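Undergrad:
Residue numbers (my numbering), protein chains in the order written: chain P, 193 to 440; chain H, 15 to 370.
1) Exposed or buried, what is residue 216 of chain H when buried is set at 16 or more other beta-carbons lying within 10 Å of its beta-carbon?
2) Quick one: list the residues of chain P neighbouring residue 196 of chain H, beta-carbon separation under 7 Å, in chain order.
3) For the putative contact between residue 291 of chain H and residue 253 of chain P, defined by C-beta atoms under 8 Å, what is the C-beta separation to the nearest angstrom?
4) On the DSSP bridge list, what partners appear for residue 310 of chain H?
5) Kindly list the residues whose CB is nearer than 8 Å to the CB of residue 342 of chain P, restricted to its own chain and excluding five residues on each side of it in sequence; keep chain order.
6) Would you check if the distance between the CB atom of residue 338 of chain P and the CB atom of residue 366 of chain P is smaller than 8 Å?
7) Using alpha carbons as the reference points, say which of H:237, H:243, H:242 lies closest to residue 261 of chain H.
8) Here's the rule I'm using: 16 or more other beta-carbon atoms within 10 Å means buried, otherwise exposed. How should residue 257 of chain P be labelled?
9) Going straight from the alpha carbon of residue 371 of chain P to that of residue 357 of chain H, what length do you get?
10) If I measure Cβ to Cβ from residue 315 of chain P and keep anything under 6 Å in the same chain, skipping five residues before and after, which residues do I get?
11) In three-state DSSP terms, what is residue 423 of chain P?
12) In chain order, what residues of the same chain lie with their CB nearer than 6 Å to the CB of residue 222 of chain P, ignoring the 5 residues before and after it?
13) The beta strand (DSSP E) that contains residue 359 of chain P, what's its start and end?
14) At least one CB of chain H closer than 8 Å to the CB of residue 276 of chain P: is that the case?
15) In terms of alpha-carbon separation, which member of H:114, H:338, H:307, H:315 lies closest to residue 234 of chain H?
16) Taking the runs of the beta strand (DSSP E) that are 3 residues or longer, which of them lie wholly in the segment 229 to 264 of chain H?
17) I'd like to know whether the C-beta of residue 211 of chain P is nearer than 8 Å to at least one C-beta of chain H.
18) Nearest by alpha-carbon distance to residue 9 of chain H: which of H:310, H:284, H:265, H:40 is it?
19) Consult DSSP for residue 346 of chain H and reduce its assignment to one of helix, strand or coil.
20) Using a Cβ-Cβ cut-off of 8 Å, state whether residue 203 of chain P counts as contacting chain H.
21) Just mark residue 80 of chain H as buried or exposed, buried being the case when its beta carbon has 16 or more other beta carbons within 10 Å.
22) Take residue 277 of chain H as the anchor and find which of H:115, H:130, H:333, H:354 has the nearest alpha-carbon.
23) Can you tell me whether DSSP reads residue 121 of chain H as helix, strand or coil?
24) Under the rule that 16 or more other beta-carbon atoms within 10 Å means buried, what is residue 379 of chain H, buried or exposed?
25) Name the two residues that bound the continuous beta strand (DSSP E) containing residue 366 of chain P.
26) Taking residue 250 of chain H and residue 196 of chain H to be in contact with their CB atoms under 8 Å, please state how far apart those CB atoms are, rounded to whole angstroms.
27) Over the uninterrupted alpha helix (DSSP H) stretch that includes residue 55 of chain H, give me the two end residues.
28) Is it buried or exposed for residue 48 of chain H, if we count other Cβ within 10 angstroms and need 16 for buried?
29) Within the 8 Å Cβ cut-off, does residue 295 of chain P reach chain H?
30) Secondary structure at residue 351 of chain P, three-state DSSP: helix, strand or coil?
31) Return the residue from the list H:242, H:352, H:69 that minimises the CA-CA distance to residue 275 of chain H.
32) Span of the beta strand (DSSP E) holding residue 394 of chain P?
33) Are the beta-carbon atoms of residue 344 of chain P and residue 239 of chain P separated by less than 8 Å?
34) Give, in chain order, every residue of the segment 234 to 252 of chain H whose Cβ lies closer than 8 Å to some Cβ of chain P.
35) Going by alpha carbons, who is nearest to residue 75 of chain H out of H:246, H:165, H:269, H:148?
36) Do residue 247 of chain P and residue 191 of chain H count as a contact pair if the criterion is CB distance below 8 Å?
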């Protein structure tokens, strides 16, 4: 392998980033193309540099390491997780048998992780990482925020501002009063994570926020139409209608 | 619960108290009226049993009428009236009983015999009533003392639990781990700064551990302690953490319980500064105001950030500690305004301390 591997370092502590740089001096085959101190910039850096590898800290303000992975889901480089002692994060890793480095990082462990990454041509299993992110979500609690990446910009949506959600191929559209936001996610998965007291799947392709509902009108024998506060009319299926009635 | 029914032993004691009273009443009656022992027994045993019932019920009157020194007249009048009423009813019922005896037993002397024994019965009734209330008030006082003792023990237990909890947060493992993680890269980069970090950390630890044997500390020591803590955090958060201290004149030497400031600044870091991309300023201010020392700690925060996981008992525990320590004279208030979170600690200043 002649081509160098490119890597970025993401950690909110300068000293921790320095520490990774220090370790990487032993690995001239890895070139550091950038470093940053929070999740927002991490998303930007990945977009700009398209690195092969990220050294990713878990504990960061606002967007933590798991959030960054969720946002990069469609374009995920190989990742070496670095975490301080945190029982929750460690549990998440262990549940998926994922490799991670615990601070302070020992040279031997660092080299082992780097070697493992170098051996993996295709990077690590995407499926495992997806599960890791899911696992890290608090399963008992509904989503308190929706993370959306639009190119290099990250937006944090409050679920309460979402009027309705529309399925669109492999994406979902979050419609708010101003505009809509696209996110790569499956409806079924999303439905499970939303607050069931506010959100209702009225149709195969639509989930509505009942706080923005104005009225329900009959459409045909089998189906109805729900009118939303922003003027949109959405179809309600037979099952969707009974789900809605149950919720109301 | 009635004292005579609390245990078998108490019931036996009540019975033992009653039997001689009943026995001597009968003997006295026989001697005074010259009747036979059998006659006296037939006439007096049912009224004496009724008297026992009265003695037992007097407990509830005593419970409803606590003995208070400043209202002794009311106390005496209430009991006298109650006693007269109860005894009149008792004598009335007993007299009715002697009337029944007259009807059903031969030799209709019962009524007469009873009437001659009314003074004796009245005396015995008064004696029994007074004896009962004496016993009951002693029992009530005893109960109150035991209750107070239990309360004090309970409070002491709660206080020690809060202290223990405070001590546990002092030696927060995450803080120690984070600090150690900083030292290792720093040693290579800048041995001088590494040694600076270590000295802050060790001073922080010394104070934290010493606390377990100390009851009191001063504002100066407390401020020094959180300065050490924040200095260590500054290594971790670098430019994201700023701090400013404004120590009011004459406040430094005021005595305070140890480790009251640490949970507050820990909270400021955990839920405030470390959740903000740009970080922010922690400000600590002390001043004297109307016989209170006031310590105000504030930090920026943002609503709707991902909540850091953890128990977050630090502030609640501090509130509890202060309540137990100052019994309502001091306390902790928190407030939010314009994305600034502030904690105000109020500590009563005892007379001698200099106040501006």
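In this text, a Cβ means the ideal position worked out from N, Cα and C, and glycines have one as well. As the structure is a prediction and not an experimental result, all values here were calculated from the model.
TA: In brief:
1) exposed
2) The contacting residues are 207.
3) Confirmed, Cβ separation roughly 5 Å.
4) H:299, H:358
5) Same-chain partners within the cutoff: 373, 374.
6) The answer is yes: Cβ separation under 8 Å.
7) H:237
8) buried
9) Each residue's Cα considered, the two are about 40 Å apart.
10) Because the pLDDT of residue 315 of chain P is 48, which lies under 50, any placement of that residue in the model is unreliable, and the number read from its coordinates should be weighed accordingly. Result list for residue 315 of chain P: 270, in chain order.
11) coil
12) 197, 199, 216
13) 356 to 360
14) By this cut-off, residue 276 of chain P is an interface position.
15) Minimum Cα distance to residue 234 of chain H is reached at H:307.
16) 255 to 261
17) yes
18) No answer is possible for residue 9 of chain H: it lies beyond the span of chain H, which begins at 15 and ends at 370.
19) strand
20) no
21) In summary, residue 80 of chain H is exposed, with fewer than 16 beta-carbon neighbours lying within 10 Å of its beta-carbon over all protein chains present.
22) H:333
23) coil
24) The structure shown has nothing for residue 379 of chain H, since chain H only spans 15 to 370.
25) 363 to 367
26) Indeed, because the Cβ distance is near 6 Å, the residues count as touching under 8 Å.
27) Annotation: the continuous alpha helix (DSSP H) that includes residue 55 of chain H extends over 51 to 78.
28) exposed
29) yes
30) helix
31) H:242
32) From DSSP, the beta strand (DSSP E) with residue 394 of chain P extends over 391 to 395.
33) yes
34) 249, 250, 251, 252
35) For the residues H:246, H:165, H:269, H:148, the minimum Cα distance to residue 75 of chain H belongs to H:148.
36) no
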